[in-house]
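In what follows, a single structure is set out as C-alpha cells and then discussed.
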Amino acid sequence: MASLDATAPAKRYQNILVMRHGDRLDNFVSDVDAWVRETARPWDPVLYEAGRHRASVTGVELRTQLGFNIDRVIVSPFMRCVETASEVVSALFTPGETAGAACRSVVPMDPPKIKICVDYGLCEKFNHVTIIYPPEDPAKDGEWGFDLSEIKLKFPEGTVDPQYEPVADKLPKWEETREDARARYERAFRAIADKYPCENLLLITHGAGLKTAVSTFLNGTRIWDVEYCAYVELRREITWNGHSSFSVGEFGDVSHHGYLLRENDGR
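So in full-length UniProt numbering, the last one in the sequence shown is 267, and the numbering has no gaps at all.
Right, here's the structure in full:
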C-alpha cells in the first residue's frame, strides 16, 4: 500500500487573482481638455492619489486575508496597472496589520521571492472606444511610448523577473473588437496560468480583463459594475503525472471583491 501511495499523482491547488487597476487620474481632473493638451501621453494616465491609496489598502487586505503567498505578479504595461502593482506589492510585505488581522491567518510575504513581469496580453482593450485619446498614429506600436526598461524601474527593487518571456510580446492590433479583446484576455490568462502551474499569481489588468475572467471561468457569469482594484480569486487543482507532465482542473470562484454580478443577458 505504501508503494502505491508513493507513486500516486501529486496534487496541489493553484490560486490566481485577476484584478482591475486603481483609480485613474483622468477621471478626476476638472478640465479634461486642458489635461489632454498638457499631458505627454494622455492615453496612459497615471493613478490618482486615491488610486494609490486604494491599491495599497488592497495589498494589505490581500496580505492579511488570503492565507497563501503570491509568487508572481503579471501586469499590463499601462501605467495605471504598473503603479497599482507597485503599491500592492509594496503593501504585501510592509510590516503592520489592519484592524482584525490578528484574528485571521496572516501569511508574511517575502519581497525577494515575489516576481513581477509585464505582459502585453493583459493590456487595455485596444480601440478608440476605450482609449479615447490615442496617439496620432495608433496603428504604429512605437507611437504609444511603452518602454519596458523604464516601466520596470517603477517596481520595488529586486522584484522584476529578468527571465520572463511574455505570452504576448507586442501590442494588439489597433481597433481591436470586443470579441477579439475577450479572446486575447482568455488566451493570456490560460497561457500564464499554465506557464507557472506551481505558482500563485496576481494578474493586474483592466476592467474588460476582469469581466472576461469572470465570464470565462465562472460559466458565463457577467459583471455589471466594477470598482477600481476589484478582483476575483480563482483556484484550480493541478495533478502532477510524473516528470514535467501535469493535468489541470477547471477554475472555480473562491471569492470576489469589488464588483456586482448579473445573470447572463446573452450579449
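We put the CB at the ideal spot given by N, CA and C, even for glycine.
Three-state class that DSSP yields for residue i in the structure shown
{"i": "residue 14", "result": "strand"}
{"i": "residue 195", "result": "helix"}
{"i": "residue 145", "result": "coil"}
{"i": "residue 116", "result": "strand"}
{"i": "residue 259", "result": "strand"}
{"i": "residue 214", "result": "helix"}
{"i": "residue 121", "result": "helix"}
{"i": "residue 158", "result": "coil"}
{"i": "residue 45", "result": "coil"}
Start and end residues, beta strand (DSSP E) containing residue i
{"i": "residue 226", "result": "222-242"}
{"i": "residue 74", "result": "72-75"}
{"i": "residue 177", "result": "Premise fails: residue 177 is in no beta strand (DSSP E) and is neither H nor E."}
{"i": "residue 202", "result": "201-205"}
{"i": "residue 246", "result": "245-248"}
Cβ-based burial, residue i [other Cβ within 10 Å; buried from 16]
{"i": "residue 27", "result": "exposed"}
{"i": "residue 105", "result": "Unreliable positioning characterises residue 105 in this predicted model, as indicated by a pLDDT of 44, which lies under 50. The coordinate reading is nonetheless provided below. Exposed, because fewer than 16 other Cβ atoms sit within 10 Å of the Cβ of residue 105."}
{"i": "residue 128", "result": "exposed"}
{"i": "residue 148", "result": "exposed"}
{"i": "residue 162", "result": "exposed"}
{"i": "residue 10", "result": "exposed"}
{"i": "residue 115", "result": "buried"}
{"i": "residue 91", "result": "buried"}
{"i": "residue 224", "result": "exposed"}
{"i": "residue 153", "result": "exposed"}
{"i": "residue 249", "result": "exposed"}
{"i": "residue 243", "result": "exposed"}
{"i": "residue 245", "result": "exposed"}
{"i": "residue 81", "result": "buried"}
{"i": "residue 76", "result": "buried"}
{"i": "residue 84", "result": "buried"}
{"i": "residue 177", "result": "exposed"}
{"i": "residue 193", "result": "buried"}
{"i": "residue 181", "result": "buried"}
First through last residue of the alpha helix (DSSP H) which encompasses residue i
{"i": "residue 62", "result": "49-65"}
{"i": "residue 82", "result": "79-92"}
Close beta carbons around residue i, own chain, < 8 Å, minus the five adjacent residues each side
{"i": "residue 234", "result": "15, 16, 17, 18, 213, 217, 251, 252, 253, 254"}
{"i": "residue 13", "result": "235, 236, 237, 238"}
{"i": "residue 136", "result": "143"}
{"i": "residue 89", "result": "59, 73, 111, 114, 116, 155, 156, 159"}
{"i": "residue 258", "result": "20, 226, 227, 228, 229, 230, 231"}
Residues near residue i by beta carbon distance below 6 Å, same chain, minus five either side
{"i": "residue 133", "result": "36, 42, 43"}
{"i": "residue 185", "result": "209, 212"}
{"i": "residue 52", "result": "87"}
{"i": "residue 56", "result": "87, 91"}
{"i": "residue 207", "result": "20, 226"}
{"i": "residue 256", "result": "232"}
Residues near residue i by beta carbon distance below 7 Å, same chain, minus five either side
{"i": "residue 188", "result": "119, 121, 122, 167, 168"}
{"i": "residue 23", "result": "47, 48, 50, 51, 54, 228"}
{"i": "residue 171", "result": "120, 123, 126, 141, 144"}
Query raised in the report: Considering only residues of the segment 17-42, which uninterrupted alpha helix (DSSP H) runs meet the minimum length of 4 residues and lie entirely inside it, listed in chain order?
Result: 32-38
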